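Positions 20 to 337 (the numbering used here) are the ones given, in order, by the sequence shown.
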Amino acid sequence: MVWILYALLTFLVIWSIATIALWAAYVPSVVQAFSQTPRLIPDPGTPLEEGEDCTFQSNDGFALKGTYLRTPALTRLGVIVFCHELAADRWAAPAYVADLRERGFDVFTFDFRNHGQSDTDENYEPMPWLTEFEVADMQAAVNYVCSRPDADERGIGMLGISRGGTAALYVAARDPRIVAIATDGAFGTELMQIFYIHRFMAIYTAYARLIAKIPDRLLITLGWWAQWIIGRRRGCRFVAVERQLRRVRQPCLIIHGERDSYVPLNVSTELQRLIGGRTRRWDVEGAKHNQAIKLATDEYHRHLARFFQKHLAAGRRR
C-alpha cells in the first residue's frame, strides 16, 4: 500500500513540474499569438431608410442601437435577428436578408457594443473570441425583439455571421424563444485555440516542435490560461462556447466556406457534432471566410429561405 502512495505522489510531483514548465514555456507565447489574431475588414454596409431605428439597454447599462426592418409582403412569416461579425455593424444585414424580407420575414439588426452607433466601453477592446459582453448584447437584442408590441409569440430566428453566429448559438442554448439558428463562419473557442496554437506557435516560441506531442486537452488548458490573462488586460471574460453548444436543441443551419483559412472546415464539422440534433451543414466550394454570400449569392439565399420557411414559418398562412 505504501509503494502505491509513493508512486502516486511521485506521479503528481512530476505532473506538476511538467505543467509548470509547459506554462512557463508556452503560455506567454500563446498570449501573444491570441492577442495578434488577424482580422478581416468587412465590407461597409449601406443604411436603409425604411427601417425603424431604436435604442435598447444591455443588462450592464450600455445603450445599443438597432433597426427593425419590416417585410414588404402582405403576410409576415416570422422575425429574424441578424448578428453582425467583428468590426462590422448592423448595416451588414441587407446583403444577407434582402431576399428573406421579400419572402415574408421581418428582420431586426443591431450593433454590438464598441461597434456602429452603440455605446463604447473604453475599457474593452473587442477580439474575435466570444466574451460575456457579446453574450449580454445578444441577449438584450432577443429580449427587445420579444418584448415589442408586434412580437411574434411563436418565437424568433437568428442569423449570425462569424463571431455573431457564435453568439447566436451560445444564447440560443439557454433561450427557448429562439426556435431556429443559421450561422456563417461560426466557431468554438476551444476548437480555435487548438488551431491557432498549432498555426502560430512556430512564430512566437523556439519550442514549437513539441506542440504536436502535447495532448489537445492540455493545449486547451494552456489556451484558457492565456485567455484569462488577455481578459484581465482587456477588461473582459471569455466564455466557454463548446460547453454551451451541447445544450442547443433548435434546428441549425451551419454555412462554411471550404477555403476558409481563418476558421478551418474541421471546426465547422466539430460544431455540427457538438450540436447534433437537427443540424444541417452547407460547405460552400471555393469560399473563404464570410465570402459565401458573394461567391454563391442565389444559392445562399435559397438555403436560408428553405431553412427559415421550414423551421420558423412552418404552419403559417402564406
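Backbone N, C-alpha and C fix where the C-beta goes; we use that ideal spot for every residue, glycine too. Quick caveat, the model's predicted, so the values are computed rather than measured.
Whole-Å CB distance - residue i paired with residue j, under 8 Å assumed
i: residue 101; j: residue 124; result: The pair is not a contact, with the Cβ atoms about 11 Å apart (cut-off 8 Å).
i: residue 272; j: residue 160; result: In fact, because the Cβ distance is near 20 Å, the residues do not count as touching under 8 Å.
i: residue 214; j: residue 286; result: 7 Å
i: residue 330; j: residue 199; result: 4 Å
i: residue 53; j: residue 245; result: 6 Å
i: residue 293; j: residue 265; result: 6 Å
i: residue 70; j: residue 111; result: Not really, about 14 Å apart at Cβ, beyond 8 Å.
i: residue 300; j: residue 291; result: 5 Å
Residue from the options whose Cα sits closest to the Cα of residue i
i: residue 139; options: 148, 153, 149 and 147; result: 153
i: residue 304; options: 313, 69 and 147; result: 313
i: residue 269; options: 92, 295, 211 and 258; result: 295
i: residue 149; options: 137, 142, 118 and 212; result: 212
i: residue 241; options: 185, 209, 290 and 256; result: 209
i: residue 132; options: 243, 109 and 317; result: 109
i: residue 263; options: 254, 205 and 191; result: 191
i: residue 328; options: 308, 203, 118 and 275; result: 118
Residue interval of the alpha helix (DSSP H) (run including residue i)
i: residue 151; result: 151 to 166
i: residue 245; result: 235 to 253
i: residue 307; result: Segment: none, residue 307 is in no alpha helix (DSSP H) and carries neither H nor E.
i: residue 138; result: Per DSSP, residue 138 belongs to no alpha helix (DSSP H) and is neither H nor E.
i: residue 261; result: 260 to 264
i: residue 278; result: That residue, residue 278, is in no alpha helix (DSSP H); it is neither H nor E in DSSP.
Beta-ladder partner(s) of residue i, from DSSP
i: residue 124; result: 97
i: residue 115; result: Answer by DSSP bridge pairing: none, since residue 115 is not bridged.
i: residue 272; result: 201 and 299
i: residue 86; result: 72 and 128
i: residue 80; result: Paired residues: none, contrary to the question.
i: residue 178; result: 101 and 201
i: residue 257; result: 150
Span separating the alpha-carbon of residue i from that of residue j
i: residue 336; j: residue 95; result: Note that residue 336 scores 49 on pLDDT, short of 50, meaning its location in the model is unreliable; the coordinates nonetheless yield the value given after this. Near 9 Å, if we compare the C-alpha coordinates of residue 95 and residue 336.
i: residue 321; j: residue 113; result: 15 Å
i: residue 90; j: residue 194; result: 25 Å
i: residue 42; j: residue 156; result: Residue placement at residue 42 is flagged as unreliable, the pLDDT there being 49, under the threshold of 50; the coordinate-derived value follows with that caveat. Cα to Cα, the separation comes out at about 33 Å.
i: residue 165; j: residue 196; result: 8 Å
i: residue 175; j: residue 233; result: 43 Å
i: residue 68; j: residue 216; result: 44 Å
i: residue 186; j: residue 93; result: 31 Å
i: residue 98; j: residue 85; result: 14 Å
i: residue 324; j: residue 122; result: 8 Å
i: residue 103; j: residue 146; result: 14 Å
i: residue 261; j: residue 243; result: 13 Å
i: residue 142; j: residue 333; result: 44 Å
i: residue 74; j: residue 163; result: 9 Å
i: residue 251; j: residue 79; result: 18 Å
i: residue 134; j: residue 183; result: 12 Å
i: residue 267; j: residue 66; result: 33 Å
i: residue 256; j: residue 168; result: 34 Å
i: residue 317; j: residue 235; result: 39 Å
N-terminal and C-terminal residue of the beta strand (DSSP E) that residue i is part of
i: residue 75; result: 71 to 76
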